[in-house]
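Just so you know, we're using the UniProt record's numbering here: the sequence shown kicks off at 1 and counts up by one.
Notes for the one structure printed next.
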Amino acid sequence: MLFVSKLLPRFLLLCNLLITISLVLSAWLPYLNPQQYWLSGFAGLAFLICWGFNFLFIIPWLILRKRYYWISLAGIVLSMNALRTSVAVNLPDTYNTSMRPDGHFTLMTFNTSNMGLDEYREDRLLQSSIYDMLREASPDILCMQEFYTNLQPGFTNHIDSISRTLRYPYHYFTNDMSHWDYWHYGIVLFSRFPIVRASTIPCGYSTAGSGSSFLQADLLIKNDTVRVLTVQLQSYMFRGKDYELLEGRKGSFSTIRNLASRMKHTIHKRAAQSRKMASLIAASPYRMIACGDFNDTPVSYTYNTVSANMQDAFLHRGFGIGRTLSFLAPTLRIDYLLVQPSIRIDRYSTFHRKGFQHFPIMASLAL
Numbered sequence: 001m002l003f004v005s006k007l008l009p010r011f012l013l014l015c016n017l018l019i020t021i022s023l024v025l026s027a028w029l030p031y032l033n034p035q036q037y038w039l040s041g042f043a044g045l046a047f048l049i050c051w052g053f054n055f056l057f058i059i060p061w062l063i064l065r066k067r068y069y070w071i072s073l074a075g076i077v078l079s080m081n082a083l084r085t086s087v088a089v090n091l092p093d094t095y096n097t098s099m100r101p102d103g104h105f106t107l108m109t110f111n112t113s114n115m116g117l118d119e120y121r122e123d124r125l126l127q128s129s130i131y132d133m134l135r136e137a138s139p140d141i142l143c144m145q146e147f148y149t150n151l152q153p154g155f156t157n158h159i160d161s162i163s164r165t166l167r168y169p170y171h172y173f174t175n176d177m178s179h180w181d182y183w184h185y186g187i188v189l190f191s192r193f194p195i196v197r198a199s200t201i202p203c204g205y206s207t208a209g210s211g212s213s214f215l216q217a218d219l220l221i222k223n224d225t226v227r228v229l230t231v232q233l234q235s236y237m238f239r240g241k242d243y244e245l246l247e248g249r250k251g252s253f254s255t256i257r258n259l260a261s262r263m264k265h266t267i268h269k270r271a272a273q274s275r276k277m278a279s280l281i282a283a284s285p286y287r288m289i290a291c292g293d294f295n296d297t298p299v300s301y302t303y304n305t306v307s308a309n310m311q312d313a314f315l316h317r318g319f320g321i322g323r324t325l326s327f328l329a330p331t332l333r334i335d336y337l338l339v340q341p342s343i344r345i346d347r348y349s350t351f352h353r354k355g356f357q358h359f360p361i362m363a364s365l366a367l
């Protein structure tokens, strides 16, 4: 009885305080530049987990008839701004390609994970699933990161295949990396609208090919010019052993320290890329759409920097947490579609498909 009456409440109080403090820190530290305050780059990763545990602490206090539930309530209030960027509360919306009002257009962004290429072998089943999804969605503008195409006989020329299959008369490819003159990797934009101009903007170097540049294109849509910026920001480049460590299966202190050091270096590079991206958005003379794989959560310096003065299509028309990464954790939304306030967002969809590392997202927009 002593444990229940005295020790248990004290233990719960200590745990509640630690969780609430962690929640508030995870919500506010990401506003700091991680190049100066490195901890801010990691803090937001735990936000939704901390929020969930913090909320659950209300229950035992109500059962024990203690007023300490105000600690959790204070944490919820202080972290509300971060919660608003993490969770959408709109009614679920099913996209129907046969119901496009006049004056609207659709844009999809999709990290293709090299179109099913693994160890220089093409996964035909996964490629078929990708093409089936694209035919179903049929976006007017298609932005693809970690894109792979091949000019060698016996392999797939995805630029040609997608252009013909979905009837895209226009495309632009960054071609960030090539192997043997035939194998090409980068970011690509396909469009049913004329591309007035397009450019590849260097943003660093990535061994994955995609992530070395931004793709910027000006499209003539409904007699108006719209600038599309599609990117893949610096990735952590995790390998097999790294995933084992992250999933808690095994790992020594030295491997954990090495992984944290690599993540810190990546966060620094991504912070610089996000500021460059924000400056390009601010300098645009046209209405702006920014999309792609940001490789960071909504509670991050990256997202805060890029999304300033922009609308997040998911938050306006999506529902729930909006997971876009199929592994590691069910809370990871790292792919985004942002538009300026002068562009109306009418629909938002996530295409969940078995075998996809990233889930494509698409929005119906109007000028």
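Quick reminder that beta carbons are idealized off the backbone N, C-alpha and C, glycines included.
Using 10 angstroms around the beta-carbon of residue i, count the other beta-carbons present and answer buried if the total reaches 16, otherwise exposed.
i, result
"Val228", "buried"
"Trp61", "buried"
"residue 377", "This structure leaves residue 377 out entirely; the chain is present only between 1 and 367."
"Gly318", "buried"
"Asp335", "buried"
"His265", "exposed"
"Thr97", "Low local confidence applies: a pLDDT of 48 at Thr97 is under 50, so the model's placement there is unreliable, and no value is given."
"Thr297", "buried"
"residue 368", "Residue 368 lies beyond the range of the chain shown here (1 to 367); nothing can be said about it."
"His352", "exposed"
"Ser279", "exposed"
"Cys15", "exposed"
"Ala363", "buried"
"Asn295", "buried"
"Arg347", "buried"
"Pro169", "exposed"
"Pro341", "exposed"
"Val89", "exposed"
"Gln232", "buried"
"Ala313", "buried"
"Met80", "exposed"
"Ala27", "buried"
"Phe47", "buried"
"Pro30", "buried"
"Leu23", "buried"
"Leu125", "exposed"
"Gln273", "buried"
"Asp176", "buried"
Assuming residue i contacts residue j under a Cβ cut-off of 8 Å, what Cβ separation, rounded to an integer in Å, is found between them?
i, j, result
"Tyr303", "Ala271", "Actually they do not touch by this definition, with Cβ atoms about 11 Å apart."
"Leu338", "Val299", "Contact doesn't hold; Cβ gap of about 16 Å is too wide."
"residue 368", "Val226", "An answer regarding residue 368 cannot be provided, because it is not within the stretch 1 to 367 covered by the chain."
"Leu219", "Ile195", "6 Å"
"Thr324", "Thr230", "Thr324 to Thr230, Cβ: 15 Å. No contact."
"Thr174", "Ser235", "That pair is no contact at about 16 Å."
"Tyr104", "Ala366", "Note that residue 104 corresponds to His in the displayed sequence, not to Tyr. Confirmed, Cβ separation roughly 5 Å."
"Ile19", "Phe53", "5 Å"
What does DSSP give as the partner residues of residue i in its beta bridges?
i, result
"Tyr286", "Note: Tyr286 sits in no beta bridge, so no partner."
"Ala198", "Ala217"
"Trp183", "Asn150 and His179"
"Val231", "Gly292"
"Asp312", "Leu338"
"Met108", "Leu142 and Met362"
"Tyr172", "Leu189"
"Phe319", "Val89"
"Glu122", "Leu117"
"Tyr348", "Ala363"
"Asp160", "Answer by DSSP bridge pairing: none, since Asp160 is not bridged."
Would you say residue i lies against chain B (beta-carbon separation less than 8 Å)?
i, result
"Asn309", "Among the chains of the structure shown, chain B does not appear; only one protein chain is present."
Every unbroken alpha helix (DSSP H) within the segment 67 to 96, with a cutoff of 4 residues, ordered by chain | If we require 4 residues or more, the alpha helix (DSSP H) runs fully inside the segment 67 to 96 come out as 69 to 78 and 80 to 86.
Quick check: the segment 65 to 74 against the segment 25 to 36, are there 3 or more CB pairs under 8 Å?
-> These segments do not touch.
Mind the definition here: the segment 321 to 334 touches the segment 54 to 69 only if three or more C-beta pairs lie below 8 Å; say whether that holds.
-> Contact fails: fewer than three Cβ-Cβ distances are below 8 Å.
Answer yes if the segment 132 to 146 comes into contact with the segment 182 to 200, meaning at least three C-beta pairs across the two stretches below 8 Å, and no otherwise.
-> Yes: at least three Cβ pairs fall under 8 Å.
Segment contact flag, the segment 111 to 126 with the segment 147 to 154, C-beta cutoff 8 Å, min 3 pairs = By the criterion of at least three beta-carbon pairs nearer than 8 Å, the segment 111 to 126 is in contact with the segment 147 to 154.
Residue ranges of each alpha helix (DSSP H) run of no fewer than 4 residues wholly in the segment 8 to 59, ordered along the chain?
-> Listed in chain order, they are 8 to 28, 40 to 43 and 47 to 56.
Touch test, the segment 128 to 135 against the segment 160 to 180, Cβ-Cβ under 8 Å, three pairs minimum = With the cut-off at 8 Å, the segment 128 to 135 and the segment 160 to 180 touch.
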